[in-house]
Each structure stands twice: as C-alpha cells, then as structure tokens.
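Right, one structure below, let's go through it.
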Amino acid sequence: TTESNGAAKSGDEQVTVFHDPENFNVKHPLMHEWTLWFTKPPSGKGDNWNDLLKEVVTFDSVEEFWGVYVSLPLHSHYHLSIQQSLTSANGAINLRVSSKIPEFLFPTDMLIKPPPDKRSAPIDELWLHAMLAAIGETLENNDDDGEVMGVVVNVRKGFYRVGLWTKTVGKSVPGGGEGDVAGGKGRSPEKSKDVLLGLGEKFKEVLKLKDAEVVEFSGHTESAHGGSTRAKAKFTV
Amino acid sequence: DTAKPVEPAQPSAQLLSLRSARRLMSINDVSYPAPINSPNPALNTGAPTGKLRYNKEFLLQFQRAFVEKPSENWTERVKETVGDTSEPSSAR
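First to last, the protein sequences are chains X and A. Residue numbering for the first sequence follows this note's numbering, starting at 336 and increasing by one per position. Residue numbering for the second sequence follows this note's numbering, starting at 147 and increasing by one per position.
Structural data, given as structure tokens:
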C-alpha cells in the first residue's frame with residue numbers, strides 16, 4: 336500500500352491499536368510532548384530539588400503513555416510536565432529544561448487529607464485521572480489558554496497532595512511577550528484569573544472533590560527548594 | 147495474564163508498529179471496533195488538524211490494548227532513574 340500524505344481520507348485505511356494490537360499504522364498523538372519525572376524521596380538533609388528529580392521518559396502519544404504507565408513501579412512519586420518546545424521551519428526543537436523546570440512553574444498545589452480510615456485512599460486512581468486530564472488536554476477550555484504545565488503527586492505519611500502546575504499565577508512573566516497568552520502582557524489580569532479559576536474548577540472535578548472542598552492557588556517563589564516555601568494562597572476555588 | 151513477560155531483546159511487533167505509526171490527524175471519522183468507544187466527538191469538532199483532545203473514558207481503554215514497555219532497555223532505564231525498588235509494581 337502507498338501512503339498518501341497521512342491525511343485521513345476514505346479509502347486510506349487507518350488501523351489503530353484496537354483494530355490490531357501488533358500491526359497498527361496510526362497512533363493517537365498528544366497535543367504536547369510530556370516528560371515524566373521521578374522525584375526521589377528526600378533524605379531530610381536539605382536536598383536540592385534538582386538533585387531529587389530524575390527524568391524518566393518523554394512521550395507524545397496515548398499509546399506510549401500507557402506503555403510507560405503499566406510498566407512503572409511506585410506510581411506515587413512522579414510528576415508529569417509539558418516538554419517545552421519551540422517550533423522552527425524544520426519542525427520542533429526541544430529544549431531540555433530538566434534543571435530549570437521548577438523555576439518557571441508555579442504549582443497550584445492542593446492539600447487533600449484522606450479520611451483516617453482511608454489512609455491508602457484512591458490516590459493512585461486520582462493521580463492517573465489527573466495525568467489523563469493533562470495529556471488528553473481536557474483541563475483547559477481553549478487551546479490558547481496555555482496555563483497547564485504539569486501535574487504532580489506527592490504522597491507522605493498521613494496525607495497526599497495532587498498539584499496542577501500552571502505557567503503563571505495570573506500575571507505576566509518576564510519574557511512572556513506582548514500577546515494574549517499565558518504570561519503575556521496582552522492578557523488582562525481578569526482573563527488570567529478567569530483561566531486559572533476555570534482550571535481549578537476542572538481540576539476539582541477530575542479529583543472528584545466536593546464543591547465545599549477548597550483548592551488553593553499559591554505561587555511558588557522559590558520552588559527550586561522542593562516546595563518548602565509555599566507562598567500564601569492567591570485565591571481559592 | 148498476570149505473568150511478567152521477560153524483557154525482549156528485540157523490539158516486539160507492538161513496539162515496531164508504534165515506531166512506524168503515523169499520527170492520527172483527525173479522529174471523529176475513525177470507526178473503532180466494538181466494544182471500544184470513540185472519544186467524545188464534541189471534544190474534537192472543528193479542532194485544528196492533529197490537535198486532538200481525549201476524554202478519560204476513551205483513554206482508559208488503552209490500558210489493556212497497549213502494554214509494551216517503551217524501549218528495549220526500559221528495565222535498566224527505570225532502575226537508573228527510579229532505583230531498585232523492592233516494592234512490587236502492580237499492574238493496573
């Protein structure tokens with residue numbers, strides 16, 4: 336068979352992994368490249384966040400995500416971030432941002448306390464659902480909202496935390512440009528706030544939180560230090 | 147089906163298919179074999195070519211369909227990054 340320019344035309348047979356798991360010819364692309372990072376448990380001696388962070392794998396299709404997910408141990412020690420990429424005439428240029436990731440992300444961490452009888456709570460399921468919402472791009476309402484940068488899970492004795500990382504805390508950022516984009520000067524504070532609040536609502540839905548359970552947005556001014564310097568909440572949903 | 151497969155030295159047919167597969171450009175016209183449910187069409191109606199969104203229910207269906215480790219040296223790679231975990235990895 337000949338390949339016509341990859342477009343979906345009738346007569347151009349598209350065989351997915353569901354049609355034939357061993358001999359498929361199309362995969363389900365993700366809108367962004369995502370990188371899965373493993374966070375080593377801290378030693379308690381003032382570790383630098385960067386030293387605890389290990390890049391596991393980068394992927395850009397639904398199939399690859401599941402291949403990774405089903406073969407990974409310790410699901411509760413990861414975070415998933417968008418791989419920053421720039422588009423050039425030759426296609427995408429990937430910027431490896433391993434050591435910089437914590438510096439430009441502002442986690443909108445939430446603290447969820449499981450009931451005492453459910454210490455092992457469905458954290459694995461919540462974490463999976465958070466990742467699926469991120470890679471499936473269903474957290475943001477518009478393609479150009481541009482805030483979602485990653486999701487993170489953190490499990491400790493007696494509590495767990497699932498966080499959604501956004502690009503901004505609702506303000507323009509240095510180098511963010513002039514446009515109506517996340518972090519750009521052209522985006523009004525009102526719109527920035529609306530986008531973030533919408534994200535918060537959606538994230539609550541993903542995590543099956545009740546309306547009364549409050550999610551706090553807080554900017555990390557020094558997130559390079561592993562989250563110990565959480566700023567006070569900017570706003571809540 | 148809980149037996150752990152031995153890591154293949156050669157890429158499996160599934161991995162080879164993944165590596166040569168084209169990226170789907172539009173999805174609302176793909177007809178999935180039963181009992182697989184298509185993604186919510188509203189998510190991708192009028193979407194730019196190749197910019198696809200997927201709802202959770204659609205994504206969860208892949209869990210049993212694509213089970214291949216992402217690379218031939220995956221086990222070593224995980225050992226390097228995650229460490230030698232004594233905790234059993236549970237297949238979900």
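Glycine is no exception: its CB is placed at the ideal position from the N, C-alpha and C atoms.
Pair every Cβ in the segment 191 to 207 of chain A with every Cβ in the segment 372 to 389 of chain X, then say whether three or more of these pairs are closer than 8 Å.
Short answer: they don't touch.
In the DSSP assignment, what are the bridge partners of X/TRP372?
The residue you call residue 372 of chain X lines up with position 37 of the first sequence. Per DSSP, X/GLU390, X/HIS414.
Beta-carbon proximity check, X/ASP395 vs X/PRO376, cutoff 8 Å:
Residue 395 of chain X sits at position 60 when you count from the first residue of the first sequence. Residue 376 of chain X sits at position 41 when you count from the first residue of the first sequence. No. Outside cutoff.
Just verifying my parser: in three-state terms, what is the DSSP assignment at X/ARG496?
To locate residue 496 of chain X, count along the first sequence from 1; it is residue 161. Correct three-state label for X/ARG496: strand.
Please report the distance separating the alpha-carbon of X/PHE353 from that of A/GLN160.
Reading the first sequence from its first residue, position 18 is the one you call residue 353 of chain X. Reading the second sequence from its first residue, position 14 is the one you call residue 160 of chain A. Going by the C-alpha atoms only, they are around 12 Å apart.
Taking the straight line between their C-alpha atoms, what separation do you get for X/PRO442 and X/LEU371?
As a working mapping, residue 442 of chain X is identified with position 107 in the first sequence. As a working mapping, residue 371 of chain X is identified with position 36 in the first sequence. In this predicted model, X/PRO442 has a pLDDT of only 43, less than 50, meaning its place in the structure is not dependable enough to derive any value.
Cα-Cα separation, X/GLU513 to X/PRO524:
Taking the first residue of the first sequence as 1, we reach residue 513 of chain X at position 178. Taking the first residue of the first sequence as 1, we reach residue 524 of chain X at position 189. Approximately 14 Å, taken between the alpha carbons.
The segment 474 to 485 of chain X in contact with the segment 507 to 522 of chain X per 3-pair CB rule at 8 Å:
Under the three-pair Cβ rule at 8 Å, the segment 474 to 485 of chain X counts as touching the segment 507 to 522 of chain X.
Does chain A have any CB closer than 8 Å to the CB of X/THR351?
As a first step, residue 351 of chain X is located in the first sequence; it is residue number 16 there, counting from the start. For X/THR351, the answer is yes, since a Cβ of chain A falls inside 8 Å of its Cβ.
With which residues is X/ASN489 paired in a DSSP beta bridge?
Start at 1 with the first residue of the first sequence, and residue 489 of chain X comes out as number 154. DSSP, once it has assigned bridges, lists X/ARG496 as partnering X/ASN489.
DSSP on X/PHE365, reduced to helix/strand/coil?
Taking the first sequence and counting its residues from 1, the one referred to as residue 365 of chain X is at position 30. Note on identity: in this sequence residue 365 of chain X is Leu, with Phe being the wrong assignment. The answer is strand: DSSP assigns X/LEU365 an E or B state.
Find out if the Cβ-Cβ distance for the pair X/GLU398, A/PHE204 is shorter than 8 Å.
Numbered from its first residue, the first sequence carries residue 398 of chain X at position 63. Numbered from its first residue, the second sequence carries residue 204 of chain A at position 58. No, these two residues do not count as a Cβ contact at 8 Å.
Looking only at its chain, what residues have a beta carbon closer than 7 Å to the beta carbon of A/PRO185, apart from the 5 residues adjacent to it on each side?
Taking the second sequence and counting its residues from 1, one reaches residue 185 of chain A at position 39. Apart from sequence neighbours up to five positions away, the residues of its chain that approach A/PRO185 with a beta-carbon distance below 7 Å are ILE173, TYR200, ASN201, PHE204, ordered along the chain.
Where X/LEU430 falls: helix, strand or coil (DSSP)
Taking the first residue of the first sequence as position 1, residue 430 of chain X is located at position 95. Confidence in X/LEU430 is poor, its pLDDT being 30 and thus under 50, which makes the residue's placement unreliable; the coordinate value appears in the next sentence. DSSP places X/LEU430 in coil when its eight states are reduced to three.
Looking at the strands, I want to know which residues DSSP matches up with A/ARG169.
The residue you call residue 169 of chain A lines up with position 23 of the second sequence. Bridge pairing for A/ARG169: X/LYS362 [DSSP].
If we ignore side chains and look at the alpha-carbon of each, how far apart do X/GLY498 and A/PRO179 end up?
Taking the first sequence and counting its residues from 1, the one referred to as residue 498 of chain X is at position 163. Taking the second sequence and counting its residues from 1, the one referred to as residue 179 of chain A is at position 33. Per the coordinates, the alpha-carbon of X/GLY498 lies some 36 Å from the alpha-carbon of A/PRO179.
X/LYS539 - containing alpha helix (DSSP H), residue span:
Indexing the first sequence from 1 puts residue 539 of chain X at position 204. Taken as a continuous stretch (DSSP letters only), the alpha helix (DSSP H) holding X/LYS539 covers 524 to 541.
With distances taken from CA atoms, which of X/GLU460, X/LEU531, X/VAL504 is nearest X/ASN476?
Here residue 476 of chain X refers to the residue found at position 141 of the first sequence. Checking every option, the nearest Cα to that of X/ASN476 belongs to X/LEU531.
Assigned exposure category for X/ARG522 - 16 Cβ within 10 Å defines buried
Counting from one through the first sequence, the residue named residue 522 of chain X turns up at place 187. That one is buried.
With a threshold of 8 Å on Cβ separation, who are the neighbours of X/ALA600 within its own chain once the five nearest residues in sequence on each side are excluded?
Given a span of 336 to 572 for chain X in the structure shown, any question on residue 600 of chain X remains unanswerable.
Residue from X/TRP369, X/ALA547, X/THR503 with nearest C-alpha to X/SER527:
If you number the first sequence from 1, residue 527 of chain X lands on position 192. Comparing alpha carbon positions, the residue from X/TRP369, X/ALA547, X/THR503 closest to X/SER527 is X/THR503.
Which chain X residues are close to A/ASN219, counting only those with a beta carbon under 9 Å from its beta carbon?
Working through the second sequence from its first residue, we reach residue 219 of chain A at position 73. Those within 9 Å of A/ASN219 in chain X number zero; the least Cβ separation is about 11 Å.
Excluding the five sequence neighbours on either side, which residues of its own chain have a C-beta within less than 6 Å of the C-beta of X/ASP478, listed in chain order?
Along the first sequence, one-based indexing puts residue 478 of chain X at 143. Here the set comprises nothing.
Applying the criterion that 16 or more other CB atoms from any shown protein chain within 10 Å of the CB defines a buried residue, is A/GLN207 buried or exposed?
Locating residue 207 of chain A in the second sequence gives position 61, where the first residue counts as 1. The residue in question, A/GLN207, is buried, as its Cβ has 16 or more Cβ neighbours within 10 Å.
Through-space distance from A/VAL228 to A/TRP220, alpha-carbon basis
Indexing the second sequence from 1 puts residue 220 of chain A at position 74. Indexing the second sequence from 1 puts residue 228 of chain A at position 82. Roughly 11 Å separates the two Cα atoms.
Return helix, strand or coil for X/SER651, following the three-state DSSP convention.
No answer is possible for residue 651 of chain X: it lies beyond the span of chain X, which begins at 336 and ends at 572.
With a threshold of 8 Å between beta carbons, is A/GLY196 in contact with chain X?
Residue numbering aside, residue 196 of chain A sits at position 50 when the second sequence is read from its first letter. Yes, A/GLY196 counts as interfacial toward chain X.
Under 7 Å from the C-beta of X/PRO356: neighbouring residues of chain A:
If you number the first sequence from 1, residue 356 of chain X lands on position 21. Near X/PRO356 (Cβ distances below 7 Å), the residues of chain A are GLN160, ALA211.
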